[in-house]
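Report on one structure; see the data block that follows.
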Amino acid sequence: MGLLEFNKLPINTLVGADWKTFKAITAGREIDAAYKGKYRLTKAVCRLLSPLAGLQNSRYEKLLANQPLEHDPVFILGHWRSGTTFVHNVFSCDKHFGYNTTYQTVFPHLMMWGQPFFKKNMSWLMPDKRPTDNMELAVDLPQEEEFALSNMMPYTYYNFWFLPKCQQEYADKYLLFDDITDAELKVFEEVFTKLIKISLWNTHGTQFLSKNPPHTGRVKELVKMFPNAKFIYLMRNPYTVFESTRSFFTNTIQPLKLQDISNEQLEENILSIYAKLYHKYESDKQFIPEGNLMEVKFEDFEADAMGMTENIYKSLSIPGFTEARADIEKYVGGKKGYKKNKYKYDDRTIRLVEENWGFALKQWDYNL
1 MGLLEFNKLP INTLVGADWK TFKAITAGRE IDAAYKGKYR LTKAVCRLLS
51 PLAGLQNSRY EKLLANQPLE HDPVFILGHW RSGTTFVHNV FSCDKHFGYN
101 TTYQTVFPHL MMWGQPFFKK NMSWLMPDKR PTDNMELAVD LPQEEEFALS
151 NMMPYTYYNF WFLPKCQQEY ADKYLLFDDI TDAELKVFEE VFTKLIKISL
201 WNTHGTQFLS KNPPHTGRVK ELVKMFPNAK FIYLMRNPYT VFESTRSFFT
251 NTIQPLKLQD ISNEQLEENI LSIYAKLYHK YESDKQFIPE GNLMEVKFED
301 FEADAMGMTE NIYKSLSIPG FTEARADIEK YVGGKKGYKK NKYKYDDRTI
351 RLVEENWGFA LKQWDYNL
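Note that UniProt numbering has the sequence shown beginning at 1, numbered continuously upward.
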């Protein structure tokens, strides 16, 4: 058990941003009165730590900047709460994969310098389980990279966790890349490539394994950056996804937000953005070369994780399954007693999903 409870954090994850990024994200944005203390403390810690980013930049330029990637990444896609975390954890048992760690999501500029000290303190303070689903939390566990990216540049969807009144704006610009400028896109490419190289260096991997729901809306750009990237797209029953996402977002946003947003508005945003993300993926998956995409129902993966994992490796021509089999079996076997949240769908939830996400129910053949 960490010293701090997740929903009572006195600062938010922007403490790990570089000063330029922090200023760009918060400039001109309204900070609600109830969170000005958290904002000021986060700002002070960020200002204190930000100069240390220069030490990492020097090491990065010397050791990694000019090193080519040995392999294009493997991307695990899907809307939030579609099972991406479990699949990510299964595949990360393969030691040839490298990934973004939980520590890296908060302190991406303190990876190549100072990591032992800051990681020890973060481990001491942070909770040991996610409050929304009891999944294990630890500094070295695999984590989605959008939080790290949000501390490295201002052009990410996860700015909405801090400034939820702007969620739809951030979705259109930085989740779907519809309104992003060429200059912003160039920064995204450079920063994401940097994150990948540091992640591989940190975890001693040779191929980056990404689990990042926002990438579901960026397929066209990712294929441009990494022409031979592999994609695993997860589908899950939309009734479950809606109920779980509403719970996850409502709880997770509490310690991060610097603005208030009503539960009703957050719910409206979830309904709207799911549809946008779904249609963007469906439109852009045509750009993925034949043989580089596998679409999987999470329920099928959960029922036979070993068999499905082997099939994905084979279908996408990913090397290393034989060598990783024992470690994957050990992880999957250890999760057999894990108790998932159980959801009951009231009439209103059923109506909202059917009215707003009926296209997914129909295409993927899901029902109650």
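The C-beta atom is built at its ideal place from N, Cα and C for all residues, glycine as well.
All of these numbers come straight from a predicted model, not from anything done at the bench.
| said: Only counting the same chain, and skipping five residues up and downstream in sequence, which positions put a Cβ closer than 6 Å to that of Asn228? | reply: Asp72
| request: Using the Cα positions of Glu329 and Glu323, report the straight-line distance between them to the nearest angstrom. | output: 11 Å
| alpha helix (DSSP H) segments (min. 4 residues) lying fully within the segment 256-302 | 263-284
| said: Am I right that Glu282 and Ser210 are in contact with their C-beta atoms under 8 Å? What's the rounded C-beta distance? | reply: With a Cβ gap of about 20 Å, Glu282 and Ser210 do not count as contacting.
| message | Suppose only complete runs of 4+ residues qualify. What are the alpha helix (DSSP H) ranges in the segment 132-205, listed by chain order? | response | 146-150, 167-170 and 182-203
| query | For the candidate residues Gly114, Phe301, Met308 and Gly83, whose alpha-carbon lies nearest to that of Ser50? | reply | Gly114
| task | Report the residue from Ala24, Thr309, Leu277 and Ile196 whose alpha carbon sits nearest the alpha carbon of Gln168. | result | Leu277
| Asp178 to Asp172, Cα distance in whole Å? | 6 Å
| said: Tell me which residues share the same chain as Lys285 and place their Cβ nearer than 7 Å to its Cβ, disregarding the 5 neighbours each side in the sequence. | reply: Val219 and Leu293
| query | Do you know offhand how far Asn251's Cα is from Asn269's? | reply | 15 Å
| task | Could you spell out the range, first to last residue, of the alpha helix (DSSP H) harbouring Lys38? | result | Lys36 to Leu49
| Between the C-alpha atoms of residue 370 and Asp365, what's the straight-line distance to the nearest angstrom? | Since the first and last residues shown for the chain are 1 and 368, residue 370 lies out of range.
| query | Taking the Cβ atom as the reference point for each residue, do Cys46 and Trp19 lie within a distance shorter than 9 Å? | reply | yes
| field | Residues that DSSP places opposite Val74 in a beta bridge | value | Leu209 and Lys230
| message | So if DSSP puts Gly54 in a beta bridge, which residue, or which two residues, is it bridged to? | response | In DSSP, Gly54 forms no bridge with anything.
| task | Using beta-carbon positions only, say whether Leu137 and Thr102 come within less than 9 Å of one another. | result | yes
| query | Do the segment 231-245 and the segment 80-94 meet, that is, are 3 or more Cβ pairs less than 8 Å apart? | reply | yes
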